[in-house]
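Residue numbers (the numbering used here), protein chains in the order written: chain A, 47 to 357; chain B, 109 to 357. Accompanying notes for the structure given below.
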Amino acid sequence: MSRLALAILAVLLAAFPFFAGDFYVNLGSQILIAAIFALSLNLLVGYGGMTSLGHASFLGVAAYLSALLTTRYGFGHGAGALLSIIGTTLTAACFGVIALRATGLGFLMITLALSQVLWGLAYRMSNVTNGDNGIAGLTRPAPFGIALDSPAAFYWFALIVTVFAFVMMAVFVSSAFGSSLKGVRDQPRRMAALGFNPWMIRWIAFVYAGFWGGVSGLLYVYYHKYIHPTSLSITSSAEALLGVIAGGSGTAAGPVVGATLVLLLKNYASAYLERWNMLLGLVFLFIVLVMPTGIIPGLTRLTARWRGGAR
Amino acid sequence: MTAARYALEIIHLNKAFGGLPVTQDVSMSICPGERHLIIGPNGAGKTTLFNQVTGDLKPNSGQVKLFGVDVTRLAPFKRAHAGLSRTYQIITLFAHDTLEHNVALGLLGLRPTRWQMWRPLSRYRELATEARRTLDRVGLLHLADHPVSDIAYGEKRRVELAMALAQQPKVLLLDEPLAGLSNTERSTVKALIASIPRQTAVVMIEHDMDTALDLAETVTLLNYGRVILDGPRDQVIADERTREVYLGP
Numbered sequence: 047m048s049r050l051a052l053a054i055l056a057v058l059l060a061a062f063p064f065f066a067g068d069f070y071v072n073l074g075s076q077i078l079i080a081a082i083f084a085l086s087l088n089l090l091v092g093y094g095g096m097t098s099l100g101h102a103s104f105l106g107v108a109a110y111l112s113a114l115l116t117t118r119y120g121f122g123h124g125a126g127a128l129l130s131i132i133g134t135t136l137t138a139a140c141f142g143v144i145a146l147r148a149t150g151l152g153f154l155m156i157t158l159a160l161s162q163v164l165w166g167l168a169y170r171m172s173n174v175t176n177g178d179n180g181i182a183g184l185t186r187p188a189p190f191g192i193a194l195d196s197p198a199a200f201y202w203f204a205l206i207v208t209v210f211a212f213v214m215m216a217v218f219v220s221s222a223f224g225s226s227l228k229g230v231r232d233q234p235r236r237m238a239a240l241g242f243n244p245w246m247i248r249w250i251a252f253v254y255a256g257f258w259g260g261v262s263g264l265l266y267v268y269y270h271k272y273i274h275p276t277s278l279s280i281t282s283s284a285e286a287l288l289g290v291i292a293g294g295s296g297t298a299a300g301p302v303v304g305a306t307l308v309l310l311l312k313n314y315a316s317a318y319l320e321r322w323n324m325l326l327g328l329v330f331l332f333i334v335l336v337m338p339t340g341i342i343p344g345l346t347r348l349t350a351r352w353r354g355g356a357r
Numbered sequence: 109m110t111a112a113r114y115a116l117e118i119i120h121l122n123k124a125f126g127g128l129p130v131t132q133d134v135s136m137s138i139c140p141g142e143r144h145l146i147i148g149p150n151g152a153g154k155t156t157l158f159n160q161v162t163g164d165l166k167p168n169s170g171q172v173k174l175f176g177v178d179v180t181r182l183a184p185f186k187r188a189h190a191g192l193s194r195t196y197q198i199i200t201l202f203a204h205d206t207l208e209h210n211v212a213l214g215l216l217g218l219r220p221t222r223w224q225m226w227r228p229l230s231r232y233r234e235l236a237t238e239a240r241r242t243l244d245r246v247g248l249l250h251l252a253d254h255p256v257s258d259i260a261y262g263e264k265r266r267v268e269l270a271m272a273l274a275q276q277p278k279v280l281l282l283d284e285p286l287a288g289l290s291n292t293e294r295s296t297v298k299a300l301i302a303s304i305p306r307q308t309a310v311v312m313i314e315h316d317m318d319t320a321l322d323l324a325e326t327v328t329l330l331n332y333g334r335v336i337l338d339g340p341r342d343q344v345i346a347d348e349r350t351r352e353v354y355l356g357p
């Protein structure tokens with residue numbers, strides 16, 4: 047049954063550009079990018095118990111690196127992408143060492159501070175980053191000679207990357223290491239007493255999450271062909287965090303649902319309401335009140351109750 | 109490596125929380141395979157002493173040695189790899205996971221497999237088999253697939269034990285393994301502790317003297333963070349000071 051549903055979903059997702067207009071296909075691409083970003087944040091928030099308000103750092107670093115390498119330093123897209131991802135992962139490795147000196151609120155504040163530093167750099171180091179004007183005139187890569195300039199081509203590209211990212215992160219979470227990570231989230235002291243190194247486990251998860259954050263950043267800059275300091279801002283981090291929590295942190299599908307919701311609200315509500323953030327806030331208030339653990343866990347419980355009641 | 113004389117040595121250990129001394133010049137030595145009991149009234153510093161042995165707390169001065177090796181500055185997880193294992197007075201289990209998963213984590217902690225990132229944990233059948241064997245040992249095999257949150261308090265105490273036993277430690281610290289158990293549960297757990305193989309030295313904190321004294325060969329009496337008495341069981345029981353500490357002068 048669920049396998050059938052999965053197959054239908056796969057066909058629908060793959061065939062989406064055939065029956066949807068360009069506007070919707072582009073919206074779909076943006077949702078996919080936001081989904082990878084939210085999934086990577088969920089590794090920290092949901093499975094690692096590390097609530098970060100600075101995850102946009104990795105999206106931004108990858109996007110800026112790719113933009114700079116391809117425009118200013120004349121790298122091709124292949125080498126540019128590789129170096130951007132390596133650079134982002136190294137950034138995550140350094141940030142992890144700093145942020146993991148604390149847990150809980152301390153960790154949250156350090157991640158926020160670090161991402162604010164990057165945001166400030168992007169704004170003020172205008173000789174490199176072009177400051178508030180952002181970096182425009184970027185191009186999309188053409189992997190294996192296939193141009194990604196049409197909305198449909200880019201959508202399929204993003205879909206393949208997203209499916210790969212989803213599977214990789216799901217495998218990671220269900221692995222022995224994933225069990226260690228969840229254990230450290232729930233009982234760090236016990237885990238240490240059992241022989242697990244809590245710090246190292248958290249740090250590896252942090253770096254891995256940074257890596258996938260970087261992948262979403264690459265897609266992000268390819269899609270927009272433009273990068274601006276706002277993608278490094280606290281709003282960018284907070285929106286993703288809201289998505290993860292609203293969809294259901296620590297679940298596989300929750301972040302995808304949450305990220306979709308945020309993006310749809312942003313795109314539709316902002317057309318009618320100038321203060322669309324207010325609507326976003328209200329929707330989240332509603333979710334938190336009705337389904338405190340998020341949409342996916344909430345729906346799972348509802349259907350379980352409904353099935354139980356039908357019997 | 110020559111066999112060390114003692115499995116666990118605590119040497120002139122001192123610890124204070126601010127101005128409050130909780131461990132004062134505590135020394136004791138436990139031989140491999142020994143059954144040792146630590147007694148003392150509430151607030152005597154028994155659990156604090158355990159936490160210094162495991163590395164959760166850093167002592168202000170003094171040494172902890174495992175098989176002759178100084179581990180005083182070693183992180184808790186490294187001590188686990190050196191053969192130290194413990195249970196907690198306050199139950200510290202993974203409530204949403206199954207009993208099997210809880211015990212499997214105990215096994216995983218000492219294996220390189222714990223760093224494996226590309227293969228689902230469920231594929232390691234051998235880990236599950238061994239976890240079930242350990243659960244069978246503590247009489248909980250029939251509950252292996254239930255989440256910990258579903259089972260009774262007394263059963264949780266036995267899962268605590270199973271997690272530690274699965275690691276086949278050389279030194280096992282038991283922090284009030286009988287706390288809050290009914291009479292029948294007590295005798296079950298007592299038999300379980302008695303069945304721990306002799307490769308393992310057992311150090312136990314316990315208030316229930318009737319049960320615990322049967323298991324012990326040597327006893328340390330702590331009060332206000334100090335060692336009052338330390339010696340063979342019968343000698344400590346017979347001593348005037350034991351009665352004084354427990355019943356008042």
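For each residue, glycine too, the CB sits at the ideal point set by N, CA and C. Keep in mind that this is a model prediction, so the values were computed, not measured.
List the residues of chain B that residue i touches, going by C-beta distances under 9 Å, in chain order.
i, result
"serine 42 of chain A", "Look at the range of chain A in this structure, 47 to 357, and you will see that residue 42 of chain A is not part of it."
"valine 230 of chain A", "Chain B residues near valine 230 of chain A: none, gap ~10 Å exceeds 9 Å."
"valine 217 of chain A", "Met225, Trp226, Arg227 and Pro228"
Residues of chain A with CB under 7 Å from residue i, in chain order?
i, result
"leucine 229 of chain B", "Ser220, Ser221, Ala222 and Ser225"
"histidine 189 of chain B", "Gly241"
"arginine 181 of chain B", "Within chain A, no residue comes near arginine 181 of chain B; the closest Cβ sits about 15 Å away, beyond 7 Å."
"aspartate 338 of chain B", "Chain A residues near aspartate 338 of chain B: none, gap ~25 Å exceeds 7 Å."
"proline 184 of chain B", "Ala238 and Ala239"
"threonine 162 of chain B", "Ala239"
Identify, in the order they occur along the chain, each residue of the same chain with its Cβ nearer than 8 Å to the Cβ of residue i, setting aside the five sequence neighbours on each side.
i, result
"threonine 116 of chain A", "Gly122, His123, Gly126, Leu184 and Thr185"
Taking 8 Å as the threshold (C-beta atoms), are residue j and residue i in contact?
i, j, result
"leucine 321 of chain B", "leucine 145 of chain B", "yes"
"valine 310 of chain B", "arginine 194 of chain B", "no"
"leucine 326 of chain A", "leucine 311 of chain A", "yes"
"glycine 214 of chain B", "alanine 274 of chain B", "yes"
"glycine 106 of chain A", "glycine 263 of chain A", "yes"
"glycine 177 of chain A", "arginine 170 of chain A", "yes"
"glycine 359 of chain B", "alanine 183 of chain B", "Past the boundaries of the shown model lies residue 359 of chain B; chain B is included only from 109 to 357, so the question cannot be answered."
"valine 253 of chain A", "threonine 135 of chain A", "yes"
"leucine 174 of chain B", "glycine 191 of chain B", "yes"
"leucine 249 of chain B", "valine 267 of chain B", "no"
"glycine 176 of chain B", "phenylalanine 242 of chain A", "no"
"alanine 168 of chain A", "isoleucine 156 of chain A", "no"
"methionine 215 of chain A", "leucine 89 of chain A", "yes"
Leaving out five residues on either side along the sequence, give the residues of the same chain with a beta carbon under 7 Å from the beta carbon of residue i.
i, result
"leucine 160 of chain A", "Gly100, Ser103, Phe141, Ile144 and Ala145"
"arginine 357 of chain A", "Legend: pLDDT at arginine 357 of chain A = 47, less than 50; position of this residue unreliable, value from coordinates given subsequently. For arginine 357 of chain A, where only same-chain residues beyond five positions count, there are no Cβ hits under 7 Å."
"glutamate 284 of chain B", "Gln197, Ile313, Glu314 and His315"
"glutamate 320 of chain A", "none"
"tryptophan 165 of chain A", "Pro275, Leu278 and Ser279"
"glutamate 348 of chain B", "none"
Which residues bound the beta strand (DSSP E) around residue i?
i, result
"glutamine 123 of chain B", "Here the sequence assigns lysine to residue 123 of chain B, which means glutamine is not the residue at that position. Taken as a continuous stretch (DSSP letters only), the beta strand (DSSP E) holding lysine 123 of chain B covers 116-125."
"alanine 309 of chain B", "309-313"
"arginine 194 of chain B", "192-194"
"histidine 144 of chain B", "143-147"
"asparagine 331 of chain B", "326-331"
"aspartate 338 of chain B", "334-340"
Using a Cβ-Cβ cutoff of less than 6 Å, which residues in the same chain neighbour residue i once the five nearest sequence positions on both sides are dropped?
i, result
"leucine 52 of chain A", "none"
"alanine 152 of chain B", "Leu330 and Asn331"
"methionine 109 of chain B", "Residue placement at methionine 109 of chain B is flagged as unreliable, the pLDDT there being 47, under the threshold of 50; a coordinate-derived value is accordingly withheld."
"arginine 181 of chain B", "none"
"alanine 108 of chain A", "Ser130, Thr134, Gly260, Gly263 and Leu264"
"leucine 235 of chain B", "Ala212 and Leu215"
"tyrosine 268 of chain A", "Arg186"
"arginine 334 of chain B", "Gln132"
Give the interface partners of residue i over in chain A, defined as CB-CB distance under 9 Å, in chain order.
i, result
"threonine 200 of chain B", "Gln233, Arg235, Arg236 and Ala239"
Residue i: beta carbon under 7 Å from a heavy atom of the ligand COA?
i, result
"threonine 296 of chain B", "The model on display carries no ligand, and the ligand COA is accordingly not part of it."
Which residue comes first and which comes last in the alpha helix (DSSP H) that contains residue i?
i, result
"aspartate 232 of chain A", "222-232"
"isoleucine 273 of chain A", "Segment: none, isoleucine 273 of chain A is in no alpha helix (DSSP H) and carries neither H nor E."
"isoleucine 291 of chain A", "280-293"
"arginine 240 of chain B", "233-245"
"methionine 360 of chain B", "Past the boundaries of the shown model lies residue 360 of chain B; chain B is included only from 109 to 357, so the question cannot be answered."
Just to make sure I have the definition right: I need the residues of chain A whose C-beta is within less than 8 Å of the C-beta of residue i. Which are they?
i, result
"arginine 194 of chain B", "Ala239"
Report yes or no: do the region 191-199 of chain A and the region 232-250 of chain A share at least 3 C-beta pairs separated by less than 8 Å? no
Evaluate contact between the region 293-309 of chain B and the region 124-134 of chain B, counting only Cβ atoms and requiring at least three cross-stretch pairs below 8 Å. no
Determine, using beta-carbon pairs with one atom in the region 217-224 of chain A and one in the region 59-77 of chain A, whether at least three such pairs fall under 8 Å. They do not touch, by the three-pair rule.
Is it true that the region 114-121 of chain B meets the region 314-331 of chain A, where meeting means three or more beta-carbon pairs spaced less than 8 Å apart? Output reads no: the region 314-331 of chain A does not touch the region 114-121 of chain B.
Cβ contact check for the region 292-308 of chain A and the region 339-351 of chain A: 3 or more pairs under 8 Å: Verdict: yes, contact present.
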